[in-house]
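A short worksheet on the structure shown next.
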Amino acid sequence: MRLQRFLARAGVASRRGSEDLMTAGRVTVNGIVTRELGSKVDPAVDEVAVDGRPVRLGAGAAYLMLNKPAGYLTTMRDPQGRPCVAELMPCDRYPGLFPVGRLDLDTTGLLLFTTDGDLGQLLLHPSHHVWKTYEALVDGRMRERELDPLRDGIRLDDGPCQPARCRILGAGDEPATTWVEVSIHEGRKNQVKRMLGAVHHPVLSLHRRSFGPLELGDLELGSWRELTAEEVSSLRNR
Ligand code: URA
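Heads up: the sequence shown runs through residues 133 to 370, numbered per my numbering.
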């Protein structure tokens, strides 16, 4: 089996991400750094490791959710040493864990992690239409009809957005602020902030409450939990 396929099947990363790990010299086969993309391995006899950690097939993929606090980058390693979500996750227990998609530094809420490279890729693919629901606190008193451009599919500087589902939740605690719920099935950079900014209500805080069939529920900020078997199958069978 090709080494990059082995790594993806073991849930280390996507096929493409596995190739990047190989070319970066982070993968060894029987102790020898293997950068060659065509390299083959025999899972029954060869010892494969990433960053020195052994990788095996069939260990069973892991699926976890984190209630991400503000102030953490959505990355497993930051070369500049800034706080990143990896610090909040049980990475030693689940080698190869990676976040599915990303939340901005100051965004809180549901972030899915898995070691299942294939499912991670599938959920991120635009054709897969995973709906994500956010609660935004915006500047200014906002009225329902001001959300119509978002419902119609607002044009941003990188092109038109797909129609969003949105509604006003109520007034914020601070004067002249409003809570708004926005659901989208795209994942463009700063998308919700840019959509609400485009209708003149800049986002003051942003929280993701759900990701596809997954709901954050009462998971505390900064805490993680494993998905239940039902949640994993609901993700697979969407
Ligand atoms: N939209 C944003 O603007 N930021 C996020 O973190 C997620 C969606």
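In this text, a Cβ means the ideal position worked out from N, Cα and C, and glycines have one as well. Since the structure is predicted, the reported quantities are computational estimates derived from the model, not experimental observations.
Per-residue burial, residue i [other beta carbons within 10 Å of its own, 16 or more giving buried]
i, result
"Q212", "exposed"
"G184", "exposed"
"G252", "buried"
"R209", "exposed"
"E278", "buried"
"P231", "buried"
"A268", "buried"
"M133", "exposed"
"R188", "exposed"
"R141", "buried"
"E151", "buried"
"L169", "exposed"
"A156", "exposed"
"G291", "exposed"
"A193", "buried"
"V177", "exposed"
Per DSSP, the bridge partner or partners of residue i
i, result
"A268", "V312 and L338"
"P281", "DSSP output for P281 lists no bridge partner at all."
"I286", "Answer by DSSP bridge pairing: none, since I286 is not bridged."
"V187", "V180"
"C216", "L205"
"N299", "Here residue 299 is Arg; the residue named in the question, Asn, does not match the sequence. DSSP, once it has assigned bridges, lists E313 as partnering R299."
"P390", "The question about residue 390 has no answer here: the residues shown for the chain are numbered 133 through 370."
"N369", "In the DSSP output, where bridge partners are listed per residue, N369 has none listed."
Rounded straight-line distance, which links the Cα of residue j to that of residue i
i, j, result
"G228", "V180", "13 Å"
"P295", "P334", "19 Å"
"K325", "H339", "11 Å"
"D271", "V314", "15 Å"
"R158", "V364", "30 Å"
"L353", "Y204", "12 Å"
"S146", "Q136", "9 Å"
"A202", "L237", "6 Å"
"H317", "I164", "43 Å"
"L254", "K264", "15 Å"
"R148", "M327", "31 Å"
"L351", "C223", "19 Å"
"S337", "R234", "16 Å"
"V331", "K321", "17 Å"
"V262", "G344", "5 Å"
"R368", "G249", "13 Å"
"T160", "Q323", "39 Å"
"D174", "N162", "11 Å"
"C293", "T207", "26 Å"
"M274", "D289", "23 Å"
"F138", "L220", "28 Å"
"V144", "V312", "37 Å"
"E362", "L346", "10 Å"
"V182", "D280", "49 Å"
"E276", "M154", "51 Å"
Proximity test, Cβ basis, 8 Å: residue i and chain C
i, result
"A330", "Checking the listed chains, one finds no chain C in this structure; it contains a single protein chain."
| said: If we require 3 or more residues per run, which beta strand (DSSP E) segments fall completely within the stretch 303-335? | reply: 309-316
| So does the stretch 184-204 actually touch the stretch 243-257, counting three or more Cβ pairs closer than 8 Å? | yes
| query | Counting pairs of Cβ atoms below 8 Å between the stretch 226-243 and the stretch 279-287, do you hit three or more? | reply | no
| said: Is it the case that the stretch 252-264 contacts the stretch 298-311, given that we only count it when at least three CB pairs across the two stretches are under 8 Å? | reply: no
| If we count Cβ pairs, one from each stretch, closer than 8 Å, do we get three or more for the stretch 349-360 versus the stretch 287-305? | no
| Which full runs of the beta strand (DSSP E) of 3+ residues lie inside the stretch 137-177, going along the chain? | 159-161
| Inside the stretch 218-261 only - alpha helix (DSSP H) runs reaching at least 4 residues | 249-256
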